[in-house]
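Student:
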Amino acid sequence: LPREFSLGQMYPNPFNPTTQFTYAVPSDAYVTIKVYTTLGQEITRLVDDVRHAGDYRVQWDGKNAHGESVSSGMYLIRMTASTIGAGRPADMTEFIRVRSVVLLK
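Mapping the sequence shown onto the working numbering, position 34 (from 1) lands on 36, and the numbers just tick up by one.
#1: Restricting to runs no shorter than 3 residues, where is the beta strand (DSSP E) found entirely within the region 53–79?
#2: Taking all protein chains shown into account, do 16 or more other C-beta atoms lie within 10 angstroms of the C-beta of TYR77, making it buried, or fewer, making it exposed?
#3: Per DSSP, which residues does PRO81 bridge with? Please list them.
#4: Label GLY42 either buried or exposed according to how many other C-beta atoms from any shown protein chain fall within 10 Å of its C-beta, with 16 as the threshold for buried.
#5: Measure how close the beta-carbons of ARG53 and ALA67 come, nearest whole angstrom, since I'm counting them as under 8 Å.
#6: Please specify which runs of the beta strand (DSSP E), each continuous and at least 3 residues long, are wholly inside the region 10–34, giving them in chain order.
#7: What's the C-alpha gap between ALA55 and ALA26?
#8: Out of TYR13, SER73, ASP51 and THR34, point me to the one whose CA is closest to LEU106's CA.
#9: Tell me the rounded alpha-carbon separation between GLU70 and THR46.
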């Protein structure tokens, strides 16, 4: 099992038509992974759920939440995670990581 939260590099980067990356969760946690424009507009949510300890792989196909292709450019992938249990408040974020990815068409 992983020892700490992590968000891997996107591969390939730049990409067309898809990119993928890994992330790790060391204990049960609520995880969100969202794609944003560089202006901070949310494009889509790739993960928004409880994850058990383990290693995961995610793919983004360059589409928004409505299934429409987004334009070429730089996007930000943001992962947040909050451990469940252990007397912690449910809204206590323990991990935040942001990586950039470039879509070329």
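Glycine included, every Cβ here is placed at the ideal spot set by N, Cα and C.
Tutor: Reading it off the structure:
#1: As far as the region 53–79 is concerned, its whole beta strand (DSSP E) runs of at least 3 residues are 56–62.
#2: The residue given as residue 77 occupies position 75 in the sequence shown. TYR77 sits buried, since 16 or more C-beta atoms from the chains shown fall within 10 Å of its C-beta.
#3: Counting from 1 along the sequence shown, the entry for residue 81 is found at position 79. With the sequence shown as reference, residue 81 is identified as Met, and Pro is not the correct amino acid for it. According to DSSP, MET81 bridges with ILE35 and ARG99.
#4: Position 40 of the sequence shown, counting from 1, holds the residue named residue 42. Result: exposed.
#5: Counted from its first residue, the sequence shown places residue 53 at position 51. Counted from its first residue, the sequence shown places residue 67 at position 65. In fact, because the Cβ distance is near 20 Å, the residues do not count as touching under 8 Å.
#6: 21–27
#7: In the sequence shown, counting from the first residue as 1, residue 55 sits at position 53. In the sequence shown, counting from the first residue as 1, residue 26 sits at position 24. Taking the straight line from one Cα to the other gives about 8 Å.
#8: The residue labelled residue 106 in the question sits at position 104 within the sequence shown. Closest option to LEU106, judged by alpha-carbon separation, among TYR13, SER73, ASP51 and THR34: SER73.
#9: One-based indexing of the sequence shown puts residue 70 at position 68. One-based indexing of the sequence shown puts residue 46 at position 44. Using only the alpha carbons, I get a separation of about 10 Å.
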